[in-house]
Amino acid sequence: MNNQSMYHSIKELVRTTHFINWNPIQRCMLMLFLASVVHSLWLFWKIFVIFSPAVHEFVDVSFVVSSLYLNIAFIFIYFILIYMCFKFSKHSHLHTPMIYLCTSIFGGFLLWDAYICGVMSPATAIVMISVIALGLLLFEAKIIYPILAMTTLSIITLVYLTWLGKVDYAPLFDFPGMHNSPYTNHFWCLSMLYFALPVVVICFAMFSIILHQWRNREASFKSMSLIDPLTKLLNRRSINQQLAIIEQKLTRQKQQCYGIIILDLDHFKRINDSYGHMIGDEVLIEVAEALQSNVRQADMLGRYGGEEFIIVVKNTDKNIIMQLAHRCQRSIQKLQICTGKAQPLRITASFGVTLVCQNQSMKNAIQQADDAMYQAKQNGRNLIVLSDQIEDAVAVAAG
C-alpha cells in the first residue's frame, strides 16, 4: 500500500511539475541536484572498489582514494550552488551570472570525471552525449554552446597530451593489470556500464517527462485557440474551421441538410452598462449552459461573437431546427441572473434560422441566418425568424 501511495505521489508530482515552465535558475537547481545524485552513485563505486581487494589489481587504489575525497567535495559544492541559486532566485539580475557559474562548474567537474575514467571510453561518450542533449533541452543554446566548446577543446587537448605521453590516460584504472585489454575485462566493462547507466536513465526520464509536458502544453494551447475561455464553447475560429469541413461534406453527400441557428442576446450592451461586465460575463456563461443543455452531442455549439451564439445541427429539416430554436428560446427565458438587486435579471434572445443543403454555400447560409436574426431584432426582439431563403419569413413570438 505504501509503495502504491509513493508511486501515485511521484506520478502526481511529475504531472503537476511542469519543468518546461521553470525559469533558468530553477532548471539550474534541477541540474545540480541530478548531478549530485549521479556523483553520489559514482562515490559508492569508489567505496566498493576500496573495500574490494579482488579488484585492486585493475585500479590505482591510491588515486581512487584521493578521487573519492574530491567526489565528496564535488557533491558539497553542488549543494552550495543549489543553496546560492535558491537564495538568489528572487534577484533576477543575478540569474545570468549564476547560470553561467553553475553550468561552467558542472562542465568542469564532468570534464574531470571524463579524464579519470578515460576521455575516449564508452562511458565518457555516452555521458557527454546525454548531458549535452539534456542541456540543450533545459537551457538556451547561448549558455550550452560556450561550455560545449570549452569542454570539446579540453578533451582534444587531453587526447593530444595523452598521445604525447605527458598525461596518463584514465588514471583511475590500471590497464597493465588488465593486460592492456580493458574491453575483455569484466570489471572495466561493468564499471563503464555503472558510470553511464544512471546518466542515461536520468536523461531519458527527463526527456520523456519534458516531451510529455511539451505535448500537453501544445494540446492545451491548441484547445485554448479553439475554445472560448469564458463560456467553454467553440470560438469563432473553431466554428469557421468546422463550417468549412461541413461545406466539403455537403459537396459529396446527397439528401443531407444542416440547420443553422444564430442567436443574439437582446439589450446586452444595456446589461453591461447597467450591471457591469461581471454580470455580463455571468449572463454569457448561463446562456451557454442553457444552450448546451438543449443540443445533442453531435451538434455544434459555439460563441460566434460578443453576445452572439451559433448552433449547427446535422441531418435536420425545417421542423426539427425550429423545435430546437424554441427549446433554446424557452431555456434562455427561464434564466434568472442574480444582480444583487430585488428583481433578478431576465434574459431574451433573437434567433435567425436557416438550412444549408448539398452544393449550397456555407458563407451564404451564415449570412441568411444572420439576416434572419437581425430581422427578429427589427420585429421586436425575443423572436425566432426562419430565413426567407427557405420560405417566406416567419416571425415566431416567445412561447
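Taking my numbering, the leading residue of the sequence shown gets 386, the next gets one more, and so forth.
Where a beta carbon is used, it is the ideal one built from N, C-alpha and C, also for glycine.
Under DSSP, the beta-bridge partners assigned to Q721 are R731.
Secondary-structure assignment with DSSP links R715 through no beta bridge to anything. The C-beta distance from F443 to F572 rounds to 5 Å, short enough to meet the 8 Å contact threshold. Contact between S447 and L496 fails: their C-beta atoms lie close to 22 Å from each other, not under 8 Å. For G687, the pairing in a beta bridge is given by DSSP as L619 and I695.
Following the DSSP letters along the chain, one finds D649 inside the beta strand (DSSP E) bounded by residues Y643 to L650. The shortest C-alpha to C-alpha distance from P556 to any of G503, A757 and L533 is the one to G503. Residue state for T701 is assigned as coil, using DSSP reduced to three classes. Here DSSP, grouped into helix, strand and coil, assigns F436 to coil. Contact annotation: M707 and V697 have beta-carbon atoms that are not nearer than 8 Å. For G737, DSSP records a beta bridge to I647 and V770. Distance from the CA atom of S515 to the CA atom of V440, rounded to whole angstroms, is 29 Å. Boundaries for Y568: no alpha helix (DSSP H) harbours it, and the DSSP string shows neither H nor E there. Between the C-alpha atoms of I529 and D559 there is a straight-line separation of about 34 Å. Fully enclosed alpha helix (DSSP H) runs of no fewer than 4 residues are not present anywhere in the region 463 to 501. Cβ atoms of T488 and A499 stay farther apart than 8 Å, at about 16 Å. Here the alpha carbons of S772 and T701 stand approximately 15 Å from one another.
Counting the other CB atoms within 10 Å of its CB gives N565 a total below 16, which places it among the exposed residues. Of the residues R602, C642, L426 and C470, the one whose Cα lies closest to the Cα of I410 is C470. Assignment of F558 by DSSP, reduced to helix, strand and coil, places it in the strand class. Bounds of the alpha helix (DSSP H) holding R655 are F653 to Y660. Under the three-state reduction of DSSP, V552 is assigned to coil, being neither helix nor strand. In this structure, S735 sits near D649, with a CB-CB distance shorter than 8 Å. Between the region 626 to 644 and the region 740 to 755 there are three or more C-beta pairs closer than 8 Å, enough to call the two in contact. In the structure shown, V544 adopts helical secondary structure according to DSSP, grouped into three states. Here the C-alpha atom of F491 lies approximately 15 Å from the C-alpha atom of Y468. In terms of Cβ geometry, T733 and R688 do not form a close pair [threshold 8 Å]. M416 counts as buried, since at least 16 other C-beta atoms from the protein chains shown sit within 10 angstroms of its C-beta.
Beta-bridge partners of I612 (DSSP): L619.
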